[in-house]
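Protein chains in written order, with numbering that gives the first Met the number 0: chain A, 0 to 443; chain B, 0 to 443. Beta carbons are placed, not taken as given, at the ideal position from N, Cα and C, and that holds for glycine.
There are 2 protein chains.
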Amino acid sequence: MFGPIPSTNPVLAGDDFKAWHNAIGGELTTAADDSWRTVLREKHPDMLHLLQFPYNGEPPKRLVTSKTITPNPLHFVRNHGGISIIDKDRRPMDESRFPRIEKTVTIQCSGTRRIEHIQLYGGQGDEVPQAPWAEGAISTARYVGISLKKVIKDCGGLLKPAKHLELYGAETYVKDLEVGNYVVSVPWSKVRANEVILAWEMNGEPLPKIHGYPLRVIVLGYIGARSVKWLYRIKAIENPSRAPVQAKEYLYFNQQVGKYNLCATDGIQIQEMPVSSAIMSPWTKQTVVHIGTIRCKGWAYSGGGRWPGRVELSADGGFTWYAVPPKKLSKKGRWTWRTWEYDLPCDVEGWIEIVCRCWDNSLNTQPLNVRAAWNWGLHVTSSAHRIKVYSVNKSRELTRKRLDKFEQLGISLAPLTHYDIVPGQTAEEYEQYWRDHDPRDVDD
Amino acid sequence: MFGPIPSTNPVLAGDDFKAWHNAIGGELTTAADDSWRTVLREKHPDMLHLLQFPYNGEPPKRLVTSKTITPNPLHFVRNHGGISIIDKDRRPMDESRFPRIEKTVTIQCSGTRRIEHIQLYGGQGDEVPQAPWAEGAISTARYVGISLKKVIKDCGGLLKPAKHLELYGAETYVKDLEVGNYVVSVPWSKVRANEVILAWEMNGEPLPKIHGYPLRVIVLGYIGARSVKWLYRIKAIENPSRAPVQAKEYLYFNQQVGKYNLCATDGIQIQEMPVSSAIMSPWTKQTVVHIGTIRCKGWAYSGGGRWPGRVELSADGGFTWYAVPPKKLSKKGRWTWRTWEYDLPCDVEGWIEIVCRCWDNSLNTQPLNVRAAWNWGLHVTSSAHRIKVYSVNKSRELTRKRLDKFEQLGISLAPLTHYDIVPGQTAEEYEQYWRDHDPRDVDD
């Protein structure tokens, strides 16, 4: 039915989701197939596919922060079902009646860097399609739309006791073997602040199909899960939505809530993401040949309208911190990340741990390790980002000489883990050492 | 040539070693085949095979410390070549001329727990047959033999300037594509202290072929690498052996010595192992259902004639330490490990980190993390042993109720990482919670 997987890199196929959609029938029979064709048409060929269906993908590390505005084909995608089939001739409303809003907005999935959660302990993440996101489930785009507040006012305003707005997407959502639409809610206070936009344009183009064409919600400073795509209905309600996306998923648990004592009400519904950051270059387990400083690149972000005030890097696992100079950070925006680069001083030869952390304008900062914020839901991995790098420091004489010798002999550097038979020390040098130094053992 | 691998569990085949031995020819043509047949005949069927040839194997975790004296079929094996073919009628000497020595001795490979070194950073360990030892490269046996000192005295004593004794094994040893015998040395001071034994009996039986029949060296309190098997020659020399096992391997480097700046003389030749310990039960990523204490088992050891004085356990990653009561430690011996068990208090639900460490009679203790002692040679992983365990605490009401419900419904516990569709909280309970509690968001 779905044909062979193309020569890209899907990690999880999503067979259960495909089978469920097929079983429901009707237009959903071809949902998985349609979805994958849209991926191939709309997304960059190098996207890292975490889940084929529902489609979940992020840009490869080298492209995550290569531009401060993410090109549409590289913007991460976190879908929960198929891509809705929309009748192009039915426009939802006459948007010209409302002031046009144009905003640059960073959207982050609360599963960003979930892979670190999974690597530490697992949880339920490695069996169900809780996509194993790396650092790329965050992207930035310029949206055009109108304020939801104005639309509601135009409809006559909100009646008491309504305090929340429930947003319905045409996307299917499966939870505990029950199927429904993708539904969440946002508080009226957020709408009233003009921080909820109904958008139809992304980086100067109509919304791509995969990103919610023709109309989606953009909730400024909230997790991506609230920015409903393929919006088809808005309902005023008294309490936060009881739909499963809001009530049973995207919850932030305490460390001691787990598989056998879990209650949804023990989780905080995730709305704003806390301050976080990530290193995009170099990458973990890479060998970096340098002469005393290592060029590092990455991003930093804080939810809720806060912005990165300072980014700090450490080459010694978080003992000593260097600040990225302000001019090496991209410019501030109320709803956007800042990308950065920095030449991190490093004298060490061998394995080091590079760490980055951010302080936002409210002076919030990140927990120092994954354990501190690990939770059964595998959401919000906002701890200081740590990567292991093998430092080869050519400013050290012995290292420089050895590498020069390799070059003379025409030997290219093998992967670090390959055994190397180029002799380091000659037999003469060995004997000379022991003539010049004390023996291993004491003599008494 | 070697036939199919039996239905056991070899991890690395050792194809290069097999090819080298085959290329040398003569008796070595069948060395790999002979070696594997000996494994099948002499070793326990559940041995964990780390390398098929040269044979490297350790007992499975549940059997490492099940007895304080390791049965011969379960004793770990670290061979470097084939098992020597010995003419049974040629006895090396008349041992009845010397006092008989009987000693219980723990032998530890300096690669014990190397897997933690490899998991942290890799190094060269994952490409060359540097066996990825876990915690089982340590075993204890009762040996019968004679003192090497007496033999040398009997031969007329040592002449100046000799200060070391070079020990030759019949085993082949390949280093940097050169082949030789397995050769190491021990200082005369160690021999003079009567701490080097020539042994022919192991746990009341003649030495198994795989353990050095008919004669091997046992160097008390030194790493296993010095206890040469299939001993055929002893030579008095002025300096430590220049043979590669002693001069180029079994070296303990500083963290900043690596692939491109390595000099053998920067490594300390490893003789005595430092104090270390390991947890054998429970095991990492296991789910442990308990009522407030977790039964833990393991070993502790210190080289050089020192012994474990105290073993401590932590259920919180090394913040709080409990001492194993002396009666729960096996008895002291100058050259032996101590096995232990302890019911570790644990109130926590969810992921915990159990850590153990030992203090020896000289009050030496272990570094607290692998990083602190990581070295390019991947030797001596003596840091406090850490395992991740998922604690299910039935002394907590909610957990007990949930598990009772599972039992009523006849649902057995799935692996932790499998998604669970048994509902935790009912819709009524959910609504009741929100009637009793403040809403998520503030209202202003």
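CB contact flag (Gln-285 (chain B), Pro-239 (chain B), <9 Å): Against a cut-off of 9 Å, the Cβ pair of Pro-239 (chain B) and Gln-285 (chain B) comes out as no contact.
Can at least three beta-carbon pairs, one atom from the segment 247-265 of chain B and one from the segment 366-386 of chain B, be found at a separation below 8 Å? Enough Cβ pairs lie closer than 8 Å, so yes.
If you run the structure through DSSP and keep just helix, strand and coil, what is Met-0 (chain A)? In this prediction, Met-0 (chain A) has a pLDDT of 37, which is less than 50 and means its spatial position is unreliable; nothing more can be read from the coordinates.
Within the 9 Å Cβ cut-off, does Gly-316 (chain B) reach chain A? At least one chain A Cβ lies under 9 Å of Gly-316 (chain B).
Could you spell out where the beta strand (DSSP E) holding Val-38 (chain A) opens and where it closes? Looking at the DSSP string, Val-38 (chain A) is not in any beta strand (DSSP E); the run it does join, the alpha helix (DSSP H), is 30-41.
Give a yes or no on whether 9 Å exceeds the smallest Cβ distance from Met-0 (chain A) to chain B. Bear in mind that the predicted position of Met-0 (chain A) carries a pLDDT of just 37, short of 50, making it too unreliable to give a figure here.
contact_flag[the segment 272-281 of chain A, the segment 231-245 of chain A] where n(CB pairs < 8 Å) is 3 or more: Not touching, per the Cβ criterion.
Ile-209 (chain B) and Val-354 (chain B) closer than 9 Å at C-beta: No, the Cβ-Cβ distance between Ile-209 (chain B) and Val-354 (chain B) is not below 9 Å.
Taking only beta-carbon positions, decide if Arg-370 (chain A) is within less than 9 Å of chain B. Chain B contact via Cβ: present.
Counting only C-beta atoms, is Arg-36 (chain B) closer than 9 Å to chain A at any point? Cβ-Cβ to chain A under 9 Å: no for Arg-36 (chain B).
Anticipated Cβ contact below 8 Å, His-79 (chain B) with Glu-170 (chain B), distance rounded: At roughly 6 Å, the Cβ-Cβ gap stays under 8 Å, so His-79 (chain B) and Glu-170 (chain B) are in contact.
Give a yes or no on whether 9 Å exceeds the smallest Cβ distance from Val-347 (chain B) to chain A. Residue contact with chain A for Val-347 (chain B): present (Cβ-Cβ distance below 9 Å to some residue of chain A).
Does DSSP classify Arg-61 (chain B) as helix, strand or coil? Reduced to three states, the DSSP call for Arg-61 (chain B) is helix.
Short of 6 Å in beta carbon distance, which residues of its chain neighbour Arg-337 (chain B), apart from the five on each side in sequence? Order them along the chain. Contacts found: Ala-299, Pro-307, Leu-328, Ser-329.
Please determine, among A:Ser-83, A:Ser-34, A:Pro-53, the residue with the shortest C-alpha to C-alpha distance to Trp-229 (chain A). Residue nearest to Trp-229 (chain A) within the set A:Ser-83, A:Ser-34, A:Pro-53 is A:Ser-83 (criterion: CA-CA distance).
Use the C-beta contact count for Ile-222 (chain B): other C-beta atoms within 10 angstroms, 16 or more gives buried, fewer gives exposed. Per the 10 Å Cβ criterion, buried.
Figure out for me which residue from B:Gln-270, B:Ala-322, B:Lys-60, B:Trp-282 has the closest Cα to the Cα of Gly-304 (chain B). Looking at the Cα atoms, B:Gln-270 is the closest of the given residues.
Buried or exposed: which applies to Arg-385 (chain A), given that a residue is buried once 16 or more other Cβ atoms fall within 10 Å of its Cβ? Looking at its Cβ environment, which holds 16 or more other Cβ atoms inside 10 Å, Arg-385 (chain A) is buried.
Between Tyr-429 (chain B) and chain A, is any beta-carbon pair separated by less than 9 Å? So, interface residue.
Could you list which residues in chain B have their beta carbon closer than 7 Å to that of Ala-263 (chain A), in chain order? The contacting residues are Gln-424, Tyr-429.
Counting only beta-carbon separations shorter than 9 Å, does Val-256 (chain A) have a partner in chain B? Chain B has a Cβ within less than 9 Å of the Cβ of Val-256 (chain A).
Output, in chain order, the set of chain A residues within a Cβ distance shorter than 7 Å of Lys-234 (chain B). Neighbours of Lys-234 (chain B) on chain A: none; closest Cβ ~18 Å, over 7 Å.
Report yes or no: do the segment 345-352 of chain B and the segment 387-398 of chain B share at least 3 C-beta pairs separated by less than 8 Å? As far as the Cβ criterion goes, the segment 345-352 of chain B touches the segment 387-398 of chain B, which means the pair count is three or higher.
Under the three-state reduction of DSSP, which class applies to Glu-237 (chain A): helix, strand or coil? Note: Glu-237 (chain A) maps to coil in three-state DSSP.
Cα separation between Ala-30 (chain B) and Gln-129 (chain B)? If you take the alpha carbons of Ala-30 (chain B) and Gln-129 (chain B), they lie about 20 Å apart.
Taking any Cβ of chain B, which residues in the segment 24-53 of chain A have a Cβ under 7 Å from it, in chain order? Within the segment 24-53 of chain A, no residue places its CB atom closer than 7 Å to a CB of chain B.
Figure out for me which residue from B:Asp-32, B:Pro-72, B:Leu-50, B:Thr-111 has the closest Cα to the Cα of Ser-301 (chain B). Closest by alpha carbon: B:Thr-111.
Does the separation of the CB atoms of Ala-314 (chain A) and Glu-340 (chain A) fall below 9 Å? Not closer than 9 Å, so no.
Which term fits Ser-444 (chain B), buried or exposed, when burial requires 16 or more other beta carbons within 10 angstroms of its beta carbon? Shown here, chain B extends from 0 to 443; a query on residue 444 (chain B) therefore has no answer.
Tell me, please, whether the segment 44-52 of chain B touches the segment 152-170 of chain B by the rule of three or more beta-carbon pairs shorter than 8 Å. Cβ pair count under 8 Å is below three, so no.
Who are the Cβ neighbours of Arg-232 (chain B) in its own chain at under 7 Å, not counting the five residues just before and after it? Residues of the same chain with a CB within less than 7 Å of the CB of Arg-232 (chain B), apart from the 5 flanking positions on each side, are Tyr-167 in chain order.
Taking the CB atoms as reference points, tell me whether Ala-161 (chain A) and Trp-187 (chain A) lie closer together than 9 Å. Contact check for Ala-161 (chain A) against Trp-187 (chain A) passes: the beta carbons are separated by less than 9 Å.
Which listed residue (B:Gly-409, B:Ala-235, B:Val-185) has its alpha carbon closest to that of Ser-226 (chain B): Between Ser-226 (chain B) and the set B:Gly-409, B:Ala-235, B:Val-185, the nearest pair of CA atoms involves B:Val-185.
To the nearest angstrom, how far is the alpha carbon of Pro-58 (chain B) from that of Ile-68 (chain B)? One Cα belongs to Pro-58 (chain B), the other to Ile-68 (chain B), and the distance between them is close to 13 Å.
Less than 9 Å between CB atoms is the rule here; does Ile-278 (chain A) satisfy it with respect to chain B? Answer no: the Cβ-Cβ gap between Ile-278 (chain A) and chain B never drops below 9 Å.
Could you check whether the Cβ of Asn-238 (chain B) sits closer than 9 Å to any Cβ belonging to chain A? Under the 9 Å criterion on CB atoms, Asn-238 (chain B) is classed as interfacial with respect to chain A.
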